[in-house]
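Enquirer: Dumping the structure here so I can ask a few things about it.
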Amino acid sequence: MAESGWLRRKLSLCLFFLIVSAASATALEWNYLVPNPAYSRDLAMGTSTIACFYAPQSTSINPAGFSFLNTKLSGRKFSLLFDPGGTRHVSSYFDKLPQDRSVAQQATDATRLMIHGAVLQWKIMTMAVLLSEPVMVQKDTVRYEKLGDFAPLELHQNRVLLAINLHPRVAIGGQIARYYHGSHAIDDGYSYGVILRPRRINVGVQYQKYPASGPYAWHPLDRRSDASTSAGISLAEEDLTISLQVMNLTQSSKPAFLEPHAGLEWRPMRAVALRAGGVMFSRSPRWAWTTGIGLLDANWFRKRISRLVVPDDILQVALAVIYNRGTPELGIGSLTLAWRL
636 MAESGWLRRK LSLCLFFLIV SAASATALEW NYLVPNPAYS RDLAMGTSTI
686 ACFYAPQSTS INPAGFSFLN TKLSGRKFSL LFDPGGTRHV SSYFDKLPQD
736 RSVAQQATDA TRLMIHGAVL QWKIMTMAVL LSEPVMVQKD TVRYEKLGDF
786 APLELHQNRV LLAINLHPRV AIGGQIARYY HGSHAIDDGY SYGVILRPRR
836 INVGVQYQKY PASGPYAWHP LDRRSDASTS AGISLAEEDL TISLQVMNLT
886 QSSKPAFLEP HAGLEWRPMR AVALRAGGVM FSRSPRWAWT TGIGLLDANW
936 FRKRISRLVV PDDILQVALA VIYNRGTPEL GIGSLTLAWR L
């Protein structure tokens with residue numbers, strides 16, 4: 636118990652240092668993913684969540700980790716994922732209204748900016764349709780550098796995801812993503828993965844395939860490569876998760892080959908999650924630290940039958956700073972506000 640208390644005090648000091656460092660980096664050029672439906676937790680943990688289980692609004696690159704309700708309590712269940720932050724995108728959408736959209740199409744666009752998606756769970760299977768998630772062309776951060784110049788649906792993806800709990804210690808998943816520029820489909824990509832749970836350690840593996848027009852990324856620290864496999868582990872306790880991840884194990888000629896990512900998440904109380912992480916870019920003098928917070932776990936006040944098997948944070952904030960040869964180069968800010976109906 637004494638060692639546990641010492642560890643928590645050290646984590647608190649580290650997180651405090653990161654948050655203070657973020658405040659001192661205000662002179663940087665910043666990219667803002669504000670708001671976005673699902674990226675903040677992954678970014679805050681150094682994009683190292685490949686072996687972590689997650690709620691719909693706390694996505695990871697590994698579809699096997701997608702988690703929902705306790706099947707022993709709920710049976711078949713359907714939910715809509717509401718994105719209150721989408722109200723900002725709706726306002727921006729009508730300010731930059733495309734000329735070729737009919738009234739019906741405008742209503743559909745506004746709806747899918749407010750509704751992140753839908754989830755259906757039946758027995759051991761969970762299927763989700765996730766809509767209008769903003770993406771950027773990898774290595775081209777202009778999507779976020781000049782966010783105000785872009786319509787909300789300028790470049791985005793829609794996903795269909797299936798996760799299956801084959802065994803209490805084995806979960807698999809796959810997803811298909813279609814990328815869009817406005818209302819015009821560009822191409823499709825897909826990924827699949829597995830998470831094994833021997834005792835307290837989770838082991839995750841994920842394969843990523845982008846379309847010929849890709850690769851695309853969720854944010855500047857999303858370092859996936861086309862036709863590559865990544866892997867990681869996480870140590871998951873009741874209130875503490877420590878994660879390690881290595882990107883691109885298989886394509887030595889492509890970016891992020893054997894690139895290490897690390898992160899942690901600590902919940903000092905049920906309604907608060909403190910997060911931090913780091914990335915050491917491969918074949919580059921760049922590195923990054925990340926930090927963030929999750930607030931108001933909805934499981935706290937939902938009926939038992941409606942609680943997720945993972946934390947269900949309503950508000951999440953993430954900050955990251957990329958350094959080049961020790962000099963701060965780029966800041967990234969992310970906000971996710973979500974509610975499950």
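Quick note on numbering: the sequence shown equals residues 636 to 976 in my numbering. Positions of the beta carbon are idealized from the N, C-alpha and C atoms, including for glycine. Every value quoted in this text rests on a predicted model; they were computed, and no experiment measured them.
1. How about D634 and K889: are their beta carbons less than 8 angstroms apart?
2. Rank R794, V772 and D735 by C-alpha distance to the C-alpha of A763 and give the top, closest one.
3. Is it right to say R960 is buried, meaning 16 or more other beta carbons lie within 10 angstroms of its own, or is it exposed?
4. Under the rule that 16 or more other beta-carbon atoms within 10 Å means buried, what is P691, buried or exposed?
5. Is the stretch 870-884 in contact with the stretch 671-679, if contact means three or more CB pairs nearer than 8 angstroms?
6. So, are the CB atoms of L893 and S878 less than 8 angstroms apart?
7. If I'm right that Y815 touches Y851 with Cβ under 8 angstroms, what's the distance once you round it to whole angstroms?
8. Do G839 and Y827 count as a contact pair if the criterion is CB distance below 8 angstroms?
9. Using a Cβ-Cβ cutoff of less than 6 angstroms, which residues in the same chain neighbour K978 once the five nearest sequence positions on both sides are dropped?
10. Unbroken alpha helix (DSSP H) runs of length 4 or more, entirely within the stretch 887-917: which are they?
11. Helix, strand or coil, according to DSSP, for G752 in the structure here?
12. Alpha carbon to alpha carbon, what distance is there between S919 and C687?
13. Is there contact here, the stretch 712-727 with the stretch 742-751, by at least three beta-carbon pairs under 8 angstroms?
14. State yes or no: is the C-beta of H854 within less than 8 angstroms of the C-beta of Y674?
15. Per the DSSP calculation, H802 is bridged to which residue(s)?
16. I'd like to check one pair, R975 with D947: are the Cβ atoms closer than 8 angstroms?
17. Between S737, E664, L715 and Q841, which lies nearest to G867 when the distance is taken from Cα to Cα?
18. Taking the C-alpha atoms as reference points, what is the distance between Y689 and V952?
19. Under a three-way DSSP split, which group does S969 fall into?
20. Cα-Cα, which of V914, G968, L930 and G929 is closest to Y958?
21. Please state whether the Cβ-Cβ distance between R832 and R804 is less than 8 angstroms.
Expert: Considering the structure as presented:
1. The structure shown does not extend to residue 634, since the chain spans only 636 to 976, so no value can be given for it.
2. R794
3. exposed
4. buried
5. no
6. no
7. No, Y815 and Y851 are not in contact; Cβ-Cβ is about 11 angstroms, not under 8 angstroms.
8. no
9. Summary: the structure shown does not reach residue 978, with the chain confined to residues 636 through 976, and so no result is reported for it.
10. none
11. strand
12. 27 angstroms
13. yes
14. yes
15. V805
16. yes
17. Q841
18. 16 angstroms
19. strand
20. V914
21. yes
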